[in-house]
């Protein structure tokens, strides 16, 4: 059973979804503007396999405290470093921004991170969207004007729902209504969308160099959905080349969030990977 609790890391109060079990704790980190809820299917599968796991809302997202003004990257890094200070060694699994955060944490904390699983890491992307977001800072007045655009609520909700179905998922038939509803409930105005874009562009600028000076020594599994319409597979392939000894898997029917498209396959891959890495708890997964 998934339990919910309030916790605090690096001074940021947040929500944690957890399942009980044995073995090295698995810490799950969600992607940009997402929440810990994205990991519910994976948490259920890990619990069935007897693995202890927890998913948290990152600063500024879900039920976490707002981020402080200024750079974002250091806030995510400090948050995860404190998780590891309180609960280590640990296995880190992340999707998108969460994957990049996990990789960076493993490079900084070689003793505290036992293994990492990175799903659809975006930092090494070089396609047109990444180049656009990293080309120049967008003036604040542009975001302010976009936030004042009047859009009928029903039109906005329908547009957000259609865009998210394509952005999050691979096959259209795998979309989960409750997941899309949660996103639509968070994005109800043009100002919400402008804020989403503003901080996405800021994060892209802060990570414009991709993954640099990585020293990841723990076992590493890199996964990418072939049908990802947000980040090309080449981004994860480049990461695979940067991390010696890493494993690389492409999921043919998954999009940007494999944990939503196929949580059972993600759980299977994670458990098999951990067994090969010597982290096995005995119950069949």
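Numbering (this note's numbering), first residue to last: 2 to 286.
The beta carbon of each residue, even a glycine, is placed where N, CA and C say it ideally should be.
From a predicted model like this one, the values you see are computed outputs, not experimental measurements.
Closest by C-alpha distance to residue i, when choosing among the options
i: residue 209; options: 233, 126 and 183; result: 126
i: residue 249; options: 122, 27, 80 and 53; result: 122
i: residue 92; options: 27, 33 and 165; result: 27
i: residue 269; options: 43, 205 and 99; result: 43
i: residue 99; options: 111, 78 and 83; result: 78
i: residue 56; options: 153, 3 and 252; result: 3
i: residue 140; options: 81, 33 and 200; result: 200
i: residue 222; options: 156, 272 and 154; result: 272
i: residue 252; options: 136, 241, 135 and 267; result: 267
Per-residue burial, residue i [other beta carbons within 10 Å of its own, 16 or more giving buried]
i: residue 219; result: buried
i: residue 72; result: exposed
i: residue 1; result: Outside the modelled stretch of the chain, which goes from 2 to 286, sits residue 1, for which no answer is possible.
i: residue 32; result: buried
i: residue 41; result: buried
For residue i: DSSP bridge partner residues
i: residue 225; result: 251
i: residue 9; result: 14
i: residue 94; result: 29 and 118
i: residue 52; result: 23
i: residue 244; result: BP columns for residue 244 are empty, so no partner.
i: residue 4; result: 19
i: residue 234; result: Answer is none; residue 234 lacks a bridge partner.
i: residue 43; result: Note: residue 43 sits in no beta bridge, so no partner.
i: residue 57; result: 17 and 30
Beta-carbon gap between residue i and residue j smaller than 8 angstroms
i: residue 281; j: residue 243; result: no
i: residue 264; j: residue 24; result: no
i: residue 191; j: residue 160; result: no
i: residue 114; j: residue 106; result: yes
i: residue 58; j: residue 7; result: no
i: residue 48; j: residue 75; result: no
i: residue 171; j: residue 95; result: no
i: residue 257; j: residue 231; result: yes
Which full runs of the beta strand (DSSP E) of 3+ residues lie inside the region 100–167, going along the chain? Taking only runs of at least 3 residues, the beta strand (DSSP E) segments lying wholly in the region 100–167 are 114–120.
Run through the region 163–214 for me and flag every whole alpha helix (DSSP H) of 4 or more residues, listed as ranges in chain order. List check, alpha helix (DSSP H) in window: 178–187 and 191–207.
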